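*Asks:*
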Amino acid sequence: MRALIYPEYGRLEVGEWPEPQAGAGEVLIEVAACGICGSELGSFAANSKRRTPPLVMGHEFAGRIAALGEGVSGLAVGQRVMVNALVHCGGCTLCRRGLTHLCRNRQVFGMNRQGAFAERVAVPAHVVYPLPDSVSPLQGSLVEPLGNGVHVMELVRGNDLETALVCGAGTIGLFCMQAARAAGAQRIAVTDTNDHRLGIAREIGADVTWNARRDDIVAAALAWTEGEGVSLAIDAVGAPESRRDSIRATRPGGDIVWIGLHENEATLTTYDIVLPEKRVIGSYGANDADLRRAIQLFAEGKIALDPWVQTFPLAEGDRVFLQMLRQELPAIKAVLVP
Ligand SMILES: [Zn+2]
Ligand SMILES: [Zn+2]
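Basically my numbering = 1-based index in the sequence shown + 198.
(1) Assign GLU214 to buried or exposed, taking buried as 16 or more other Cβ atoms, counted over all protein chains shown, within 10 Å of its Cβ.
(2) Can HIS299 and TYR469 be called in contact, C-beta distance under 8 Å?
(3) For ligand 1, any of its heavy atoms closer than 7 Å to the Cβ of ALA283?
(4) Quick check: what's the CA-CA separation for VAL319 versus GLY499?
(5) Please determine, among GLY236, ALA314, ASN310, the residue with the shortest C-alpha to C-alpha distance to PHE259.
(6) Among the residues of its own chain, which have a CB less than 8 Å from the CB of GLY272, if the five just before and after it don't count?
(7) Kindly confirm or deny that the stretch 221-239 and the stretch 285-301 touch, where touching means at least three C-beta pairs closer than 8 Å.
(8) What is the chain-ordered set of residues for which the beta carbon lies under 7 Å from any non-hydrogen atom of ligand 2?
(9) Relative to the alpha-carbon of GLY382, which residue among ALA418, ILE398, VAL354 has its alpha-carbon at the smallest distance?
(10) Please report the straight-line C-alpha distance between GLU206 and THR250, rounded to a whole angstrom.
(11) So, for ALA265: in the same chain, excluding its five sequence neighbours on each side, which residues have a beta-carbon less than 6 Å away from its beta-carbon?
(12) Quickly, what does DSSP pair MET280 with across the bridge? List them, please.
(13) At 3 residues or longer, and completely inside the stretch 361-432: list those beta strand (DSSP E) runs for me, N to C.
(14) With which residues is PRO438 paired in a DSSP beta bridge?
(15) Which of the three DSSP states, helix, strand or coil, is assigned to ARG446?
(16) Given the structure, does CYS235 come close to ligand 1, in the sense that its CB is under 7 Å from one of the ligand's heavy atoms?
(17) What residue range is occupied by the uninterrupted alpha helix (DSSP H) comprising ALA513?
(18) Check this for me: beta carbons of ALA230 and GLY261, under 8 Å apart or not?
(19) What does the alpha-carbon distance come out to for the pair ARG442 and THR423?
(20) Express the C-alpha separation of MET375 and GLN525 in angstroms, rounding to a whole number.
(21) Short of 6 Å in beta carbon distance, which residues of its chain neighbour PRO474, apart from the five on each side in sequence? Order them along the chain.
(22) Can you look up VAL254 in the DSSP assignment and give me helix, strand or coil?
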């Protein structure tokens, strides 16, 4: 079958890959759409050991069930589905606590298993989610990244959400923004260093945007909230500056969620957290309930994908991947269609 293959470090090509088979407890998916994730662009650019070639990447996908493996029940051939990017074991102590997204034995498509930049992929039946008719294959492929935004909002249940600041207008930032709106955030500010992205953020619902290259984000956030600071800040960048800004722009007693992974280390002044009693929370991935909620948000028409998500044929996957890496395309999110 045809696939976008990562044959060795520094190289990508569209070519032939062995046909996958649905093993026991698995189903074979005919891929309809698979998004290119920032984590994959980053891995490729850095020759990361997290994704070692030869490999087919791709973990944000939706499609149709083409075959059922032995012992699979409750699913049917022809059914339209999306698939969780993370495969959890179900048996470890974290899975048993309901923290399936943090499973100690988790596998990721396109990392530890064949991914979905391909015509077909075999997946365990327990990570498959049927899609309602009202959710398109493109929307289905974006359930997982939207689920990340839904998860952030679940972590801050109880926050008044009068004002929210989202640092970063990439895919995760724009989904966090829309998940925050759907969760009841009244006024939302978005920051980025790219004016094109900030324009898109305003177009799909940001009340105000600031350019982190030109504007003092903390001063802007304080002025915007009569000197108090925002109720919630979400850092979808993960740079030392955005982490620091997210803390300082938040009001005393407010919540800060870090989901961006740009850099590992940051220098912080800890009194900014302790004395005003702020909560800094890490967020990773999406659990079962988050994915179901994300599917529901798409079905309710609450999530805008225009004009920032663009589809491309899988046959052009190598070119599109490299152009996304060099930020040569106007799209913030590229989705490959076999
Ligand atoms: Zn991803
Ligand atoms: Zn587990």
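All C-beta atoms in this analysis are idealised placements derived from N, C-alpha and C, irrespective of residue type, glycine included. Quick caveat: nothing in here was measured; it's all calculated off a predicted structure.
*Replies:* Considering the structure as presented:
(1) exposed
(2) no
(3) yes
(4) 28 Å
(5) For PHE259, the nearest C-alpha among the options comes from ALA314.
(6) ALA323
(7) no
(8) HIS286, CYS287, GLY288, GLY289, CYS290, LEU292, CYS293, THR298, CYS301, ARG302, ASN303, ARG304
(9) VAL354
(10) 8 Å
(11) Setting aside the 5 residues that flank it on each side, ALA265 is surrounded in the same chain by ALA220, LEU226, each with a C-beta closer than 6 Å to its C-beta; the list follows chain order.
(12) ALA260, TYR327
(13) 361-365, 385-390, 406-409, all fully within the stretch 361-432.
(14) Answer is none; PRO438 lacks a bridge partner.
(15) It is helical.
(16) yes
(17) Element bounds for ALA513: n/a, residue is neither H nor E.
(18) yes
(19) 18 Å
(20) Spanning the alpha carbons of GLN525 and MET375 requires a straight line of approximately 22 Å.
(21) PRO450
(22) coil
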